[in-house]
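Here's the structure we're looking at; comments come further down.
Residue numbers (the numbering used here), protein chains in the order written: chain A, 440 to 996; chain B, 26 to 140.
Here's what the structure looks like:
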């Protein structure tokens, strides 16, 4: 500040400053360009206190104190200084050397200088503040630009598109409280067709949270390449994150692994908000215990499971919703959230628009128009659509063609000898009038009985407590029967035409006709394997037959 | 239960052994079918006719039993004939190529007339 003043008022100084060490020149013979005297007064310099306590002109020669600033003024041959003080702060000095006449400064001179100083001080202050604000504005603009870039970078770490799963609707919403966020979500495709859903919330907001979010996301992705169990993915992430995360930070994280075919999902939770499951007649939370990530290594994460049936939905959300406040300082809270969900007694979302739109609307109603978002708000919803396609095999294009299926019937039968006939008869009752000509119905019956027998024998090994599940589905042109075993470790082999000659020659077992027969009885046979957890493998054989056929004789071989 | 729903009875008509099958041909039919076939082999008839007229159901295990009988017949130089197959069973016999090794006749009279 002092230097600024000196530059501004240098023309008032009557003589050039000598360079350091040079003797002061005598009275100037001619006017030379004047260099500004630039120096800072240290905060502990007694001269500073003197200037502040002594309004008016100060005669430098007469001062007696141990002050580096005083020495500097003397060296510069300053005779008098007029402190410029604004609001108790020294913002500059009016420094003058000897008068050209070498006379002392007169009383008039002193008054003039005093008046000048009184008027100059506030003007100088205003100029200084204006400069300061300009500098701050430039700095703010630079930071804002950096934050804009940071936000763009962070957005690239979020999924660019939603998973496209036939029979499912997945939606997500990410709304940071600041430019960047500690909230995140992710979708991971596993090689076996399962979908990983991750939702996380880093303590704190803004840049520190965003940096930890980016790290956590990478570690989770790497863990998901090694493990397919949600509990192990979280445990591995926790162990990797622990050494690197700042001591006062942690990450809550939910990890779900969904089998889109069966709707079966396993999940583990590192202290994240409990996801809500909305069944047709019930709403409840999915609970699994586990410590937040990054607190201490060696944690294990409980795994739980649930199956989403057609029409069911799942809501994952971060703190930003439940901890939002209204103008009366009430919190949105979990009870209000439950009321928003479908099938709540208060009648929540009823399917108009999306569930997320509905939740945002309810949140806006609650917080009011003047709300300043307090925390990051993130939603991920997963809905299993009511009309679900029966056909999920990779080679089947039914869903792409937009074929919609409705469930006609579902049966569950214990694995007891002879129940393949029961299954056949039950299915026949449902589809009898749908399929023509009758020979086509006979084919389906044979296929259903064969597939049920395989499920009981090879899948469930005739353990009566392991059921075989049958589901009959109808599309406008076709009928599907899905037959699922429970616990078959043996894979269903490829269908091959049996070698009848070898069998007749006694070189092969006369058996082994089942799959071959099934395949030739229906228009399409698909096999799906799903991991139901606990080492339990389910096989589903899907039989598809057109409702109408013009053939009356043999099936195509 | 299913295991009681199968019977196989041997009769002889003009020098031919006819096994009348009745009910469901699955794993439970094995013993009865095998016994009837042994009885048929004990006759001197070169042709053994399987009459499916009263068969309500056959599954892949039943197919395996028929394949087993066919193998035995070939080994013992007997000819195996089939009659009374429904359209659906005919289709199954065609798909499994059993028709390549067994003559199929609509009914018993046609089978008897043909040999």
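Each residue gets a CB set at the ideal place from its N, CA and C atoms; glycine is no exception.
Could you name the residues of the same chain whose beta carbon sits closer than 8 Å to that of residue 587 (chain A), not counting the 5 residues immediately before and after it, in chain order?
618
Can you tell me whether DSSP reads residue 127 (chain B) as helix, strand or coil?
coil
Straight-line gap, residue 428 (chain A) to residue 725 (chain A) (C-alpha atoms, nearest Å):
With chain A covering 440 to 996 only, the question about residue 428 (chain A) has no answer from this structure.
So which of A:776, A:979, A:966, A:673 has the shortest CA-CA distance to residue 738 (chain A)?
A:673
The segment 633-648 of chain A touching the segment 685-693 of chain A, judged by at least three CB pairs closer than 8 Å:
yes
Sorted by chain position, which residues of the same chain lie with C-beta nearer than 6 Å to residue 979 (chain A)'s C-beta, five sequence neighbours on each side aside?
921, 923, 967
Is residue 727 (chain A) helix, strand or coil when you go by DSSP?
coil
Alpha carbon to alpha carbon, how far is residue 568 (chain A) from residue 803 (chain A)? Give it in angstroms, no decimals.
40 Å
Name the one or two DSSP bridge partners that residue 625 (chain A) has.
A:637
Do the segment 773-787 of chain A and the segment 727-736 of chain A make contact, defined as three or more Cβ pairs closer than 8 Å?
no
Verify the contact flag: residue 134 (chain B), CB atom, against every heavy atom of the ligand ADP, threshold strictly below 7 Å.
Ligands in the displayed structure: none, and consequently the ligand ADP is not present.
Can you have a look at residue 34 (chain B) and say buried or exposed, based on whether 16 or more other CB atoms are within 10 angstroms of its CB?
exposed
For residue 459 (chain A), which residues from the same chain have a beta carbon less than 8 Å from its beta carbon, with the 5 sequence-adjacent residues on both sides left out?
Below a pLDDT of 50, predicted positions are generally treated as unreliable, and residue 459 (chain A), at 42, falls in that range; no measurement from the model is reported.
Ordered along the chain, which non-local residues of its own chain (more than five positions away) have a Cβ less than 7 Å from that of residue 824 (chain A)?
606, 607, 608, 749
Could you tell me whether any Cβ in chain A is nearer than 8 Å to the Cβ of residue 57 (chain B)?
no
Starting from residue 956 (chain A), find everything on chain B with Cβ-Cβ shorter than 9 Å and list it in chain order.
84, 85, 88, 117, 120, 121
Closest Cα partner of residue 764 (chain A) within the set A:745, A:807, A:504:
A:807
The beta strand (DSSP E) spanning residue 45 (chain B) covers which residue range?
41-50
Between the segment 94-106 of chain B and the segment 855-864 of chain A, are three or more C-beta pairs nearer than 8 Å?
no
Hey, does residue 677 (chain A) have any beta-carbon neighbour from chain B nearer than 8 Å?
no
List the DSSP bridge partners of residue 76 (chain B).
B:45, B:108
Who are residue 917 (chain A)'s beta bridge partners in DSSP?
A:985
Chain-ordered residues of the segment 88-112 of chain B with a beta carbon less than 7 Å from chain A
88, 89, 92, 93, 95, 96, 99, 112
Determine the burial state of residue 840 (chain A): buried for a count of at least 16 other Cβ atoms within 10 Å of its Cβ, exposed for fewer.
Interpretation of residue 840 (chain A) is limited by its pLDDT of 48, a score under 50 that renders its predicted location unreliable; the figure taken from the coordinates is listed afterwards. So residue 840 (chain A) ends up on the exposed side.
Nearest to residue 728 (chain A) by alpha carbon, out of A:716, A:651, A:741?
A:741
Name the chain A residues whose beta carbon is nearer than 8 Å to that of residue 126 (chain B)?
939, 943
Counterpart residues of residue 705 (chain A) in DSSP-defined beta bridges:
A:696, A:744
From A:594, A:810, A:795, A:848, residue whose alpha carbon lies closest to that of residue 819 (chain A):
A:795
Within 8 Å (strictly less), CB to CB, does residue 670 (chain A) reach chain B?
no
Quick check on residue 26 (chain B): does DSSP put it in helix, strand or coil?
Residue placement at residue 26 (chain B) is flagged as unreliable, the pLDDT there being 42, under the threshold of 50; a coordinate-derived value is accordingly withheld.
Helix, strand or coil for residue 652 (chain A)? Go by DSSP, reduced to three states.
helix
What are the boundary residues of the beta strand (DSSP E) that residue 773 (chain A) is part of?
That residue, residue 773 (chain A), is in no beta strand (DSSP E); its alpha helix (DSSP H) goes 772-779.
What's the C-alpha gap between residue 65 (chain B) and residue 105 (chain B)?
11 Å
Give me the subset of the segment 873-899 of chain A whose CB atoms are less than 8 Å from a CB atom of chain B, sorted by chain position.
878, 881, 882, 885, 888, 889, 892
Can you say whether residue 554 (chain A) is buried or exposed, counting buried as having 16 or more other CB atoms within 10 angstroms of its CB?
exposed
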